[in-house]
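A.B. asks:
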Amino acid sequence: LPTGKITDHDVDGGQDLDIFDINEAAGLDLFEGDIVLDERQARNS
Amino acid sequence: IIGDEYRWPTVIPYVLEDDLEINAKGVILKAFEQYRLKSCIDFKPWSGEANYISIFKGSGCFSSVGNRRVGKQRLSIGTNCDRIATIEHEFLHALGFWHEQSRADRDDYVRIMWDHISDGREHNFNTYNDTTSSSLGVPYDYGSMMHYSKNAFRNGTEPTIVTKIPAFSDVIGQRMEFSDSDLLKLNRLYNCTQGSTFLDSCDFERENICGMIQGPGDEQDWTREMKATGGPDTDYSNLGKCNGSGYFMHFNTGTANTGDTALLESRLLYPKRGYQCLQFFYYNSAGTSDKLKIHVREYNSTNPNGTLRFIKTIDSAPERLWQLHHVSLDVKTKFRVVFEGSKEGTGTTEGGGLSLDDINISETTCPEFVWRVKNFSELMTTTPTEKPIYSPPFTSKEGYSFQMQLFPNGVESNPGEIAVYANLVALEGETGQIWPCPWKQMTMMLMDQNPHIQKRMNNQRSVTTDPNRKITETDNFFWDDPRKVGPEVTAPDGLKYFQGPRAGTPVYLTHLRARSRDFIKNGDAIFLLSMEDVSHLTESQPTPATTVHPVTTPSSNNNCSSVECLNDGVCVMDEGIPSCRCVVGKDWWYYGDRCERKGSLMDKTILALASSLSVLGVMLVITIISVICVKKKYKNRDSGGVISNTYA
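If you read the protein sequences in the order shown, they are chains Y and V. Per the working numbering, the very first residue in the first sequence carries number 738; after that it's consecutive. Per the working numbering, the very first residue in the second sequence carries number -13; after that it's consecutive.
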């Protein structure tokens, strides 16, 4: 098809971001990357 | 995680918080559908239950592990987390699963490259012993969606996880769908015996043909074959690759008489939802006028022997190809699906007929559109980067047309990966739409053509038309009428239309993954496309904060309608008695019959300090009094006596 160049929108900014990359980029330092611990678990870990 | 206290009920109450992106809300609902299809886990909008999962848009994708029994348990689906596998992954955490790499036996299967891990992130590679975490008797699973990806937490360019079997090095960290082992573990943990919305699947590999029967009142039978004269040469499940297997059902119209019919009926099925999707592969090598019709035989108390109801005729010209078909059903009582082959043409020939394989019946909605990309395997290697293949335009129920753009060899930014985009289309004569297009979710799903619907790991991405989104650096709306914001194009068949801007991803799937499983069968790929209206998801779901009386049963006096829980508390029926469940924070909580009092850790500290000081004060007073008394006593004795030397 003879299309002109039209504006794209790349979801995820066009990157193959895994859960851990997304959280790291957001400045999160969660347990194992994406786990929220309660106080008791945090103490144990 | 070991411990019954961490389990949820099999029907999990949820709240979609208002801050979630609309696309994310739609994908969350799709993830719930996968849970329903593949396990007994179901989800229902929260209606006053004590514990529920509240999904919100946090700064990333995260969850707690298991049911923490805190009332509102939050799960974040933030920006870039709106992928079905990411959502399923976070919900598996919430259901009680840790990451696969933290299993006690992890080191038997992968090597952790400690030198390649970022400083301070080593703790993410701890393992749990089998008193804390159980693998439920399921072998270590490289294909689990709960596995880390090989580069997780790395400090440079080298991977942090190396699989001991090299073939799995690029398999770990898949974010497509549940693996078989993920489902086995989930179903074991929650004692599931079947999927909530699954009804039947048959690939005809077993002689009992899954309990299907030859219908009454017909002249011919369907027969179980490996090959038929006139086609097909092989079945679809195995494509004839395995010796001694590869069966399908065939109605030979070549030898039948004009007017003959053959009925093939499924076993009895028991619907719960009232709507179903029948999916099957169909090979038509019969005459052009021979037909395949779909009926349902419905049973109820007035018709114990069942009544046949016609659904539709499969409209498909003879072609040397197994074609995928979907039929939407709306059955509410016990039923069978009936395939009726009929010979309408005249004369007998040696071969040819109607063939069926890989039948699946589930209580789900059917995909709206099927786009088969022939020779996709070859296209991945021969198509230049940046060169798209366009699907034909598809028109949704609401009258919007769209198409998919497929880049088999990727785009400039990511060559060698499959890229997919969706765009709106304006066809000639189309009128009546609202522009910019409001809240339509377009889903592009590459079908894993495994014969069994519950074992499929489809790859899908969705984009939603946000009517407020603008094209960068312009005043035009992105999802406006393509006649206004897009060029006119002409398809190879001469069809002219306007093509709007496109949204999608250049990293849809790697070639390696695309060549895995059954994404490509006989060289072809099948994309299942849909455009669903998700505008209802812009509305708020009732939450504890907005609902004072979540559970009400007007007919009864002894219920939550007579109880008012304060401070966002929730009324629940506890063994028939209404009681308030109060909101709890990290270091504070509400309590009392109506959650009218607030407590906090600081209150407790002050109380403890005050008590200690009081006790100290009382002890001090007692000591002082005692000292004074003793002093007084001895003073009195001194002053009353006469001391003299009586022996002098």
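Even for Gly, the Cβ is constructed at its ideal location relative to N, Cα and C.
1) Quick one: Cα of GLY232(V) to Cα of ASP219(V), how far?
2) Just how far apart, CA to CA, sit LEU250(V) and PRO353(V)?
3) Would you give the residue range spanned by the beta strand (DSSP E) that GLU1(V) belongs to?
4) Please report how far the alpha carbon of SER40(V) lies from the alpha carbon of ILE103(V), in whole angstroms.
5) Along the chain, where does the beta strand (DSSP E) containing ILE512(V) start, and where does it finish?
6) Going along the chain, which residues of its own chain have a beta-carbon closer than 8 Å to the beta-carbon of SER541(V), five neighbours each way excluded?
7) Residues in the same chain with beta-carbon distance under 6 Å from ASN346(V), minus the five sequence neighbours each way, listed in chain order, please.
8) Excluding the 5 residues preceding and the 5 following THR274(V) in the sequence, name in chain order all residues of the same chain whose CB lies nearer than 8 Å to its CB.
9) To which residues of the same chain is THR253(V) closer than 8 Å at the C-beta, ignoring the five residues directly before and after it?
10) Who are the near neighbours of ASN508(V) in its chain, counting only those whose CB is closer than 7 Å to its CB and skipping five residues on each side?
11) Use the C-beta contact count for VAL(-3)(V): other C-beta atoms within 10 angstroms, 16 or more gives buried, fewer gives exposed.
12) Residues in the segment 43 to 63 of chain V with C-beta within 7 Å of chain Y's C-beta atoms, listed in sequence order?
13) How would you list, in chain order, the residues of chain Y whose beta-carbon sits under 7 Å from the beta-carbon of ASN110(V)?
14) Can you list, in chain order, the residues of its chain whose CB lies under 7 Å from that of GLU658(V), leaving out five sequence neighbours each side?
15) Using 8 Å as the limit for Cβ to Cβ distance, is SER33(V) near chain Y?
16) Would you check if there are 3 or more beta carbon pairs closer than 8 Å linking the segment 12 to 30 of chain V to the segment 428 to 442 of chain V?
17) Compute the beta-carbon to beta-carbon distance between HIS85(V) and TYR134(V), rounded to the nearest angstrom, for a pair I have assumed lies under 8 Å.
18) Would you list, in sequence order, the uninterrupted alpha helix (DSSP H) runs of no fewer than 4 residues that lie entirely inside the segment -3 to 41 of chain V?
19) Give me the Cα-Cα distance between LEU765(Y) and THR496(V), rounded to the nearest whole angstrom.
20) Any residues in the segment 130 to 141 of chain V with a beta carbon nearer than 9 Å to a beta carbon of chain Y? Which ones, in chain order?
21) Could you tell me which residues DSSP puts in a beta bridge with GLN391(V)?
22) Taking Cβ to Cβ, would you say VAL51(V) is nearer than 8 Å to ILE(-12)(V)?
23) Which of helix, strand or coil does DSSP assign to THR381(V)?
24) Are the C-beta atoms of GLU336(V) and some chain Y residue less than 8 Å apart?
25) Specify whether the segment 404 to 411 of chain V and the segment 482 to 497 of chain V touch according to this definition: at least 3 beta carbon pairs, one from each stretch, less than 8 Å apart.
26) Find out if the Cβ-Cβ distance for the pair PHE463(V), ARG455(V) is shorter than 8 Å.
27) Quick one: Cα of THR524(V) to Cα of PRO422(V), how far?
28) Are ILE512(V) and ARG358(V) close, meaning C-beta to C-beta below 8 Å?
29) Closer than 8 Å is the cut-off here; do at least three beta carbon pairs connect the segment 420 to 436 of chain V with the segment 46 to 63 of chain V?
30) Can the beta-carbon of LYS150(V) be found closer than 8 Å to that of ARG89(V)?
31) At the level of alpha carbons, what is the spacing between ASN53(V) and ASN194(V)?
32) Kindly list the residues whose CB is nearer than 7 Å to the CB of THR288(V), restricted to its own chain and excluding five residues on each side of it in sequence; keep chain order.
33) Can you check DSSP and say which residues form a bridge with LEU278(V)?
34) Counting along the chain, where does the beta strand (DSSP E) carrying HIS746(Y) start and finish?
35) Indicate the three-state DSSP secondary structure (helix, strand or coil) for TRP575(V) in the structure shown.
36) Going by other Cβ atoms of all chains shown within 10 Å of its Cβ, with 16 needed for buried, is VAL604(V) buried or exposed?
C.D. replies: Answer, in terms of the structure:
1) If I take the Cα positions, the gap works out to 10 Å.
2) Going from the Cα of LEU250(V) to the Cα of PRO353(V) covers about 24 Å.
3) For clarity, residue 1(V) is Val in the given sequence; the question names Glu instead. That run of the beta strand (DSSP E) goes -3 to 2.
4) Using only the alpha carbons, I get a separation of about 33 Å.
5) Looking at the DSSP string, the run of the beta strand (DSSP E) that includes ILE512(V) is 510 to 519.
6) Legend: pLDDT at SER541(V) = 35, less than 50; position of this residue unreliable, no value from coordinates given.
7) SER187, GLN265, ILE439, listed in sequence order.
8) Result list for THR274(V): ALA303, PRO304, GLY331, in chain order.
9) Reading the sequence as shown, one finds Arg at residue 253(V) and not Thr. Excluding positions up to five away in sequence, the list reads ASP186, CYS196, GLY197, MET198, ILE199, ARG322.
10) Around ASN508(V), the same chain offers LEU225 as residues with beta carbons nearer than 7 Å, after the five sequence neighbours per side are excluded.
11) Counting Cβ neighbours within 10 Å, VAL(-3)(V) comes out exposed, since fewer than 16 surround it.
12) Taking 7 Å as the Cβ-Cβ cut-off against chain Y, the residues of the segment 43 to 63 of chain V that qualify are SER45, GLY46, CYS47, PHE48, SER49, SER50, VAL51, ARG54.
13) Residues of chain Y with a Cβ closer than 7 Å to the Cβ of ASN110(V) are, in chain order, GLU769, GLY770.
14) Nothing in the structure corresponds to residue 658(V), since chain V is present only between -13 and 634.
15) Output row for SER33(V): interface = no.
16) Contact between the segment 12 to 30 of chain V and the segment 428 to 442 of chain V is present, because at least three Cβ pairs lie under 8 Å.
17) That belief holds up - the Cβ atoms of HIS85(V) and TYR134(V) are roughly 6 Å apart, short of 8 Å.
18) You should have 8 to 24.
19) So the two alpha carbons sit approximately 28 Å from each other.
20) Within the segment 130 to 141 of chain V, the residues whose Cβ lies closer than 9 Å to some Cβ of chain Y are TYR134, SER135, ASN137, ALA138, PHE139, listed in chain order.
21) BP columns for GLN391(V) point to TYR376(V), TYR407(V).
22) No, the Cβ-Cβ distance between VAL51(V) and ILE(-12)(V) is not below 8 Å.
23) Note: THR381(V) maps to strand in three-state DSSP.
24) With 8 Å as the cut-off, GLU336(V) does not count as an interface residue toward chain Y.
25) The segment 404 to 411 of chain V vs the segment 482 to 497 of chain V: in contact.
26) Closer than 8 Å, so yes.
27) About 16 Å.
28) Yes, they are a contact pair.
29) Counting Cβ pairs under 8 Å, fewer than three are found: no touch.
30) No Cβ-Cβ contact shorter than 8 Å links LYS150(V) with ARG89(V).
31) Within the model, the alpha-carbon separation for ASN53(V) versus ASN194(V) is close to 42 Å.
32) Once the five neighbours on either side are set aside, THR288(V) has no close Cβ partner at all.
33) According to DSSP, residue pairing for LEU278(V) in a beta bridge involves GLY327(V).
34) First-last of the beta strand (DSSP E) with HIS746(Y): 745 to 747.
35) When DSSP states are grouped into helix, strand and coil, TRP575(V) belongs to the strand group.
36) Classification for VAL604(V): exposed.
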